[in-house]
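The structure appears right after this line, and notes come after that.
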Amino acid sequence: MGMRVGLGTDIHRLTSGHGLPLGGVLVACPFAAVADSDGDVLLHAVVDALLGAMGWGDIGERYPASAVRKGEASARFVQEVLAEMAAVGAAPVQLDCIINLETPRLGTVKTAIRESLAGLLRLEPGRVNVKAKTAEGLDSVGRSEAVSAQVVAQVEVP
Ligand code: MG
């Protein structure tokens, strides 16, 4: 087996709402993400990291707005890419993730996000690290205008 690495990033505009999906966990807060799907910025970055590791392009090519149902759960994108990877004998082995959000602080939900991601990727939670950062009041994240994520994925390929 060989090892590949992929990098994914994503950003979504915030609007007023009743919660943000992050890694499949709905985090209660007075925001919502502006998106065609449910706007799960972390899952979108995970998909791009997996696609990157496989050399398969990016999420925008695979899931243009016309291919996304309004508000649908982004888990479908992860599951479909995982299925395509499995079909060629590839699988993720480790993820390191950063969520950038000014407020609310994610300290109390990081573990739930980690477990959710691990379940989705069929990995032990110890192989899925989730970090949360604020932007110290700077830039679009710091002004609570946006939420963003970065993900590095290690993938095993035949
Ligand atoms: Mg996105």
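Under this note's numbering, the first residue of the sequence shown carries the number 772, and numbering increases by one thereafter. Quick reminder that beta carbons are idealized off the backbone N, C-alpha and C, glycines included.
Per DSSP, reduced to three states, the secondary structure at Val912 is helical. DSSP lists Lys902, Gln921 as the beta-bridge partner residues of Ile869.
Relative to the ligand MG, the nearest heavy atom lies less than 7 Å away from the CB of Ala806. For Val818, there is no enclosing beta strand (DSSP E); the residue is found in the alpha helix (DSSP H) stretching over 812-825. When Ser919, Val899, Pro863 are compared, the shortest CA-CA separation from Leu821 is found for Pro863. In this structure, the CA atom of Ala858 is about 19 Å from the CA atom of Gly777.
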